[in-house]
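Peer 1: For the sequence shown, position 71 (counting from the first letter as 1) is numbered 71 according to the UniProt record's numbering, and the numbering increases by one without interruption.
First the structure, then my questions, so here it is.
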Amino acid sequence: DGNYEQLLESTKDVPSKYILTKNKKFSKVKILNEGLKAVPKDGIAMILDLQMQIPLDFFDRTRKLTIAGKTAFSPTLMHFQDPCLHERYTELALKKVIWQYDGPGIMAMYKSDWSRVGGFNEKMFADKWGGEDWELVDRIIATGIQIIHYRLPRFYHLYHSRKKMWNH
């Protein structure tokens, strides 16, 4: 929607990434909370996995479905039963799709809502992996924010082996 060259030119002075360095043991929740601090006060922050195929309208849909003080957006992921099928997004591949409704690890909210919820729980999850997103969901719901789940075609996790990752 619009002249992308002009849009990119107008935003060339806006930082597009932040590199956070710490001389301490890595903590997923601490680094996510540090990243949330860098979001402009009226911005939307999206927590997202690295290995994702994202549809072209992903950010537009995120913006439309995320309402300050009212909604958070947690898109529903597609998972292919055959790890090779993500490379061939075809009718055959789509017949072997599982929609993952129970994965709250992808979440968008306005920064003010992240602040109101308190970000990720660093006391409980400072040195462990897993469960931090479910605990966050409980606190989001407790504040009265509704979590919108929405199926997004062409939004899926790219298969990768978990061998030599974390505790696998």
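C-beta: ideal position from N, C-alpha, C; glycine also.
If you're wondering where the values come from, they're calculated on a predicted model, not measured in any experiment.
1) Exposed or buried, which one is G119 when buried takes at least 16 other CB atoms within 10 Å?
2) Less than 7 Å between C-beta atoms, sequence neighbours within five positions excluded: which residues of the same chain meet that for I54?
3) Residues bridged to R63 by DSSP?
4) Less than 8 Å separating the beta-carbons of H79 and Q100?
5) Based on Cα-Cα distance, which residue from D138, K25, L152 and S27 lies nearest to I98?
6) In chain order, what residues of the same chain lie with their CB nearer than 8 Å to the CB of A72, ignoring the 5 residues before and after it?
7) Pull up the DSSP beta-bridge partners for I148, would you.
8) Just the Cα atoms here: how many angstroms apart are K41 and S74?
9) Between which two residues does the beta strand (DSSP E) containing I45 stretch?
10) Check whether the Cβ atoms of K111 and G43 sit closer than 8 Å, and answer yes or no.
11) Does the separation of the CB atoms of N121 and V39 fall below 8 Å?
12) In terms of residues, what are the limits of the alpha helix (DSSP H) holding A142?
13) So for F155, helix, strand or coil by DSSP?
14) Go ahead and label L56 buried or exposed: buried means 16 or more other beta carbons lie within 10 angstroms of its beta carbon, across all protein chains shown.
Peer 2: Straight from the coordinates:
1) buried
2) F155
3) In DSSP, R63 forms no bridge with anything.
4) yes
5) L152
6) T66, M107, A108, M109, D113, I140, I145, Q146, I147 and I148
7) F73
8) 21 Å
9) Residue identity check: residue 45 is Ala in the sequence provided, not Ile. Run containing A45: I44 to I47, per the beta strand (DSSP E) assignment.
10) yes
11) no
12) E132 to A142
13) strand
14) exposed
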